[in-house]
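**Q** Take any residue in the sequence shown, count from 1 to its spot, add 804: that is its number in our numbering. Using N, Cα and C, we set each Cβ at its ideal position, and we do this for glycine too.
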Amino acid sequence: MDGNSRFISSAQEGPHRDLEELVRRHMAYPFRKPVLDFNRAALATALAARAAWNPAAPLILDAGCGVGWSTQRIAETHADHFVIGLDQSLDRLSRGKPLPMPGNALLVRADLVDFWRLLAENGIRLARHYNLYPNPWPKIGHLARRWHGHAVFPVWRELGGIVECRSNWRIYVEEMALALGWLSGQTVLAEPWRTDEPMTPFEKKYLASGHELWRCRVDLD
Ligand SMILES: C[S@@+](CC[C@H](N)C(=O)[O-])C[C@H]1O[C@@H](n2cnc3c(N)ncnc32)[C@H](O)[C@@H]1O
805 MDGNSRFISS
815 AQEGPHRDLE
825 ELVRRHMAYP
835 FRKPVLDFNR
845 AALATALAAR
855 AAWNPAAPLI
865 LDAGCGVGWS
875 TQRIAETHAD
885 HFVIGLDQSL
895 DRLSRGKPLP
905 MPGNALLVRA
915 DLVDFWRLLA
925 ENGIRLARHY
935 NLYPNPWPKI
945 GHLARRWHGH
955 AVFPVWRELG
965 GIVECRSNWR
975 IYVEEMALAL
985 GWLSGQTVLA
995 EPWRTDEPMT
1005 PFEKKYLASG
1015 HELWRCRVDL
1025 D
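#1: Using DSSP's beta-bridge definition, name the partner residues of TRP997.
#2: With C-beta atoms as the reference, is VAL967 less than 7 Å away from ARG921?
#3: Compute the minimum distance between the beta carbon of TYR937 and the heavy atoms of ligand 1, and state whether it is under 6 Å.
#4: Please tell me whether SER988 and VAL1022 are closer than 7 Å, where the distance is taken between their beta carbons.
#5: Assuming TYR937 contacts PHE1006 under a Cβ cut-off of 8 Å, what Cβ separation, rounded to an integer in Å, is found between them?
#6: In angstroms with no decimal places, state the Cα-to-Cα distance between ARG998 and LEU847.
#7: Just to confirm my understanding: we take TRP826, look at its own chain, exclude 5 residues before and 5 after, and list those with CB closer than 6 Å. What are they?
#8: Got a sec, what are the start and stop residues for the alpha helix (DSSP H) GLY985 sits in?
#9: GLN876: beta carbon under 6 Å from a heavy atom of ligand 1?
#10: Could you pull the start and end residues of the beta strand (DSSP E) that ALA867 belongs to?
#11: Considering only residues of the region 831-911, which uninterrupted alpha helix (DSSP H) runs meet the minimum length of 4 residues and lie entirely inside it, listed in chain order?
#12: So the alpha helix (DSSP H) TYR937 belongs to, where does it begin and stop?
#13: Spatial neighbours of GLN990 within its chain, please: C-beta separation below 7 Å, excluding the five flanking residues on both sides.
#14: Specify the secondary structure class of ASP1023 as computed by DSSP and reduced to three states.
#15: Tell me the DSSP secondary structure of VAL959 in three-state form.
#16: Judging by CA-CA distance, which residue of LYS1008, TRP1018 and ASP915 is the nearest neighbour of TRP973?
#17: Kindly examine ligand 1 and report whether one of its heavy atoms sits closer than 6 Å to the Cβ of THR1004.
#18: LEU916: beta carbon under 6 Å from a heavy atom of ligand 1?
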């Protein structure tokens, strides 16, 4: 799959003109979609695994972790944290298994839209919160499917932590940086990202295909 990934094509030439209105609307009104039981069970499983390892360990969420490469890497570099790698796709989570996970990490299948709200509902804070190469949804009409345009986005503020988002679509990261800026009251910058050690399969494939990579980061604490 390396080396032949298509460049993102979108009719958008910059951040979506409705972005600010949408994000501020979501910040003003609570998101009330009911939470499904399987996501509650996923949270209970993740918290039990942390409790068995070290109940006091700070939490890191690798949101949309895919096959879990990044979860493994984050757990190795943050050996005193507990890392939850979460994805909705059982196929991705189980591809190429068993991927050796360190004792301070767990891969969990759940829907982020519910899982983020469950963390907040339970008063759980994150030390770090990764969003590595989220689905870009590049069509103009798909703004509300991008995480910063989704109604669940404002709950990130309650979770805290250092948020990091990476994408090969510059506009996605520019929009995310603007939205995180409105959410946090800080100036958040979209910056070019370069690495010789790709942390995820998508990062590896985009680098091999000659794509520019972008990222933004903010400390929500
Ligand atoms: C483009 S892939 C990136 C995977 C990985 N982070 C990487 O860089 O290789 C996006 C991932 O987000 C997951 N995802 C999308 N929406 C999700 C949701 N609502 N809940 C959980 N995972 C989701 C998908 O299943 C997919 O694995």
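**A** On the basis of the coordinates in this document:
#1: Answer is LEU1017, bridged to TRP997.
#2: no
#3: yes
#4: yes
#5: 4 Å
#6: 33 Å
#7: Going by the sequence as given, residue 826 is Leu instead of Trp. So the qualifying residues of the chain are GLY953.
#8: 974-988
#9: Not under cutoff, so the answer is no.
#10: 863-867
#11: 841-857, 873-881 and 894-898
#12: No alpha helix (DSSP H) contains TYR937, which DSSP labels as neither H nor E.
#13: Within the same chain, GLN990 has close Cβ partners VAL1022.
#14: strand
#15: helix
#16: TRP1018
#17: yes
#18: yes
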